[in-house]
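In this text, residue positions in the sequence shown follow the working numbering: the first is 5, and each later residue adds one. Structure first, then comments.
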Amino acid sequence: MAKAAGDAIGAAWDRIRGVKLHALADLFAADDARVAKLSGRIDWGEDLTAGGILFDWTKTHLDDELLGGFEELASAVDFSAARAKLLSGAKINATEGRAAEHTAPRGTGAEASVEEAQALLARMKMLVDAIHDGALGEVKHLIHIGIGGSALGPDLAVDALTRDLAKVDVHVVSNIDGVALEQAFALCDPQTTMLAVASKTFTTIETMTNAASALKWLGDNGVDDPSGRVVALTASPEKAVEWGVDETRVLPFMESVGGRYSLWSSIGFPVALGAGWDEFEAMLAGAQMVDQHFASTEGRANLPLRAAFADQYYTRVRGCQTRAVFAYDERLALFPSYLQQLEMESNGKRVTAAGEPVDGPTAPVTWGGVGTDAQHAVFQLLHQGTHLIPVDFIASIAPGDMLDPAHHRILLTNCFAQGAALMAGGNMASDGKDPARAFPGNRPSATMLCDDLDAATLGALIAFHEHRTFANAVLMGINPFDQFGVELGKKMANDIERGDAEFDASTRALLGAAGLA
Ligand code: F6P
């Protein structure tokens, strides 16, 4: 890094670290405009579903002084140039020598890439329409086989969008543990089941082993032409053909779309098949609304960047090692798992993009659950434990259920009460003096309040987190698009499979105990 840039980054951090720590309550007392300043909306118009999301960061410690310091940091790291590189299809993923064009399928990016990505989606639509029209016989079930980015996004979106009604009943299977696949078999009729084999590389051992077993299950259960029931979703179409998938059912996506960012490509096939093409398209359109905001908004007004300012503050200044996300919406039960890969695989790094050791902690551990369940399990620690854990809440104003409105009212009031209690603190004892009943308060949270949790909103929520993750990476100077950290364990497992591994005494004993040595 050039010395001048390094100095500017250091100066910005000095400024940030020099900001006096205020209690959240004092920040509200000191600034009448705080709510207006630290909450903002991204909206979309009538041609989509009129709606939007309110991003409320008012209960974080961000204030004008900190925001000013972080804007100085953003300019020292040249955030605008990094964003322009991302969105223009430049090879921003330097260690793997490629671009990161996950926004292209949703219409944002270099013209040629957007055209290519959308042509690939048009091809996918033809196959989805053909299946819905019965061209491949009766299809009631889809077993979608993939892992990591080839499973978490589809699983989240299918679960969120098909609870009321599914055009095709989708089961996402990722784990190599055969229990997972057997569970899907038990819920599907082989005569009306299709398989989607989702793998960017089409080499991942879990996916290829599960796919072979699922194919065998079809054959063993009287399906005449099992491979005729397979669709491949991949950036390595030649490998899928080699594996035996007919070219007409191979749906490729671009190599420059990263695995954990691939929901928008043909990896989203189960969403389109299960929820319908219109829903899949609405999800992409919602994501594009966030792309437009992210691409064209500067400084603290840029909501994913503002969220990254708070993330950096808690991780690097306040030493928070984890961050928690609670969806007060059953349909987002899988959102924390999805975010874990997005954030931890992207930003769990120890060297900068230039290969130098990082100068502070990188991604915190992301964890979470659904409200109100989590309140009765883990919130004790959030309120009274010794860790400071920034919390995100996600909720929808419109209910997802048709029951007595009391359900949704209680859900939302609990969500808002938790954020208020974390901030306010207090003592529950009648004399206000019992230490066991004391809440320190001043604990930060952010709230994302959706008008309604429809497909566009889901797309917008996911895109917001993709851009927030990228913004965090740029502020830390790291490459969020590679994931070499998962390679060593994979190699060692393969070495054991091949029987040519040299291991430590502990691992040799475990292998022996399991009869694998
Ligand atoms: O675990 C590493 C990883 O490469 C993830 O990044 C990726 O999403 C997953 O494996 C699956 O890879 P593929 O889609 O190539 O099967």
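Don't be surprised by glycine CBs; every beta carbon is placed ideally from N, CA and C. Remember, predicted model here, so these are calculated numbers, not experimental data.
Work out the CA separation of residue j and residue i for me, nearest whole Å.
{"i": "residue 269", "j": "residue 124", "result": "8 Å"}
{"i": "residue 331", "j": "residue 342", "result": "12 Å"}
{"i": "residue 446", "j": "residue 298", "result": "30 Å"}
{"i": "residue 261", "j": "residue 434", "result": "58 Å"}
{"i": "residue 484", "j": "residue 461", "result": "24 Å"}
{"i": "residue 8", "j": "residue 72", "result": "20 Å"}
{"i": "residue 381", "j": "residue 509", "result": "39 Å"}
{"i": "residue 391", "j": "residue 95", "result": "39 Å"}
{"i": "residue 188", "j": "residue 437", "result": "55 Å"}
{"i": "residue 265", "j": "residue 106", "result": "6 Å"}
{"i": "residue 451", "j": "residue 56", "result": "14 Å"}
{"i": "residue 389", "j": "residue 255", "result": "49 Å"}
{"i": "residue 471", "j": "residue 222", "result": "41 Å"}
{"i": "residue 193", "j": "residue 145", "result": "7 Å"}
{"i": "residue 79", "j": "residue 286", "result": "34 Å"}
{"i": "residue 49", "j": "residue 502", "result": "56 Å"}
{"i": "residue 26", "j": "residue 149", "result": "49 Å"}
{"i": "residue 12", "j": "residue 21", "result": "14 Å"}
{"i": "residue 351", "j": "residue 239", "result": "23 Å"}
{"i": "residue 75", "j": "residue 303", "result": "6 Å"}
Can you tell me where the beta strand (DSSP E) holding residue i begins and where it ends?
{"i": "residue 58", "result": "55-60"}
{"i": "residue 128", "result": "No beta strand (DSSP E) contains residue 128, which is instead part of the alpha helix (DSSP H) from 115-136."}
{"i": "residue 175", "result": "173-177"}
{"i": "residue 192", "result": "Residue 192 -> no beta strand (DSSP E), and no H or E assigned at all."}
Would you say residue i and residue j are within 8 Å of each other, going by their C-beta atoms?
{"i": "residue 418", "j": "residue 379", "result": "yes"}
{"i": "residue 267", "j": "residue 108", "result": "no"}
{"i": "residue 357", "j": "residue 98", "result": "yes"}
{"i": "residue 169", "j": "residue 202", "result": "no"}
{"i": "residue 272", "j": "residue 158", "result": "yes"}
{"i": "residue 132", "j": "residue 281", "result": "yes"}
{"i": "residue 317", "j": "residue 66", "result": "yes"}
{"i": "residue 405", "j": "residue 112", "result": "no"}
{"i": "residue 482", "j": "residue 353", "result": "yes"}
{"i": "residue 263", "j": "residue 117", "result": "no"}
{"i": "residue 369", "j": "residue 480", "result": "no"}
Give the DSSP-derived three-state secondary structure of residue i in the structure shown.
{"i": "residue 201", "result": "strand"}
{"i": "residue 377", "result": "helix"}
{"i": "residue 240", "result": "coil"}
{"i": "residue 331", "result": "strand"}
{"i": "residue 209", "result": "helix"}
{"i": "residue 261", "result": "coil"}
{"i": "residue 387", "result": "helix"}
{"i": "residue 396", "result": "strand"}
{"i": "residue 146", "result": "strand"}
{"i": "residue 361", "result": "strand"}
{"i": "residue 372", "result": "strand"}
{"i": "residue 235", "result": "strand"}
{"i": "residue 326", "result": "strand"}
{"i": "residue 97", "result": "strand"}
{"i": "residue 81", "result": "coil"}
{"i": "residue 47", "result": "strand"}
{"i": "residue 141", "result": "coil"}
Got a sec? Which residues, its chain only, sit under 8 Å from residue i by beta carbon, not counting five neighbours each side?
{"i": "residue 243", "result": "205, 206 and 207"}
{"i": "residue 449", "result": "63, 64, 394, 395, 396, 397, 422, 423, 426 and 427"}
{"i": "residue 29", "result": "427, 428, 445 and 446"}
{"i": "residue 521", "result": "512 and 515"}
Grab me the residues of residue i's own chain with a C-beta within less than 7 Å of its C-beta, minus the 5 sequence neighbours each way, in chain order.
{"i": "residue 400", "result": "333, 454, 456 and 457"}
{"i": "residue 151", "result": "178, 208, 210 and 211"}
{"i": "residue 2", "result": "Not covered by the structure: residue 2. The range shown for the chain is 5 to 521."}
{"i": "residue 32", "result": "38"}
{"i": "residue 16", "result": "73, 76, 77 and 80"}
{"i": "residue 227", "result": "194, 195 and 233"}
Tell me which residue opens and which closes the alpha helix (DSSP H) that residue i is part of.
{"i": "residue 158", "result": "156-165"}
{"i": "residue 255", "result": "No alpha helix (DSSP H) contains residue 255, which is instead part of the beta strand (DSSP E) from 254-256."}
{"i": "residue 450", "result": "Unbroken run through residue 450 is the beta strand (DSSP E), 449-454; no alpha helix (DSSP H)."}
{"i": "residue 38", "result": "38-42"}
{"i": "residue 469", "result": "459-480"}
{"i": "residue 275", "result": "273-279"}
{"i": "residue 502", "result": "491-502"}
{"i": "residue 510", "result": "509-517"}
Output needed for residue i: all residues of its chain with C-beta closer than 6 Å, excluding positions within five of it in sequence on either side, in chain order.
{"i": "residue 110", "result": "268, 288, 291 and 292"}
{"i": "residue 45", "result": "56 and 58"}
{"i": "residue 198", "result": "143, 146 and 233"}
I want to check one thing, is the minimum distance from the CB of residue i to the heavy atoms of ligand 3 below 7 Å?
{"i": "residue 495", "result": "With respect to ligand 3, the structure shown offers nothing to examine, as its ligands consist of ligand 1."}
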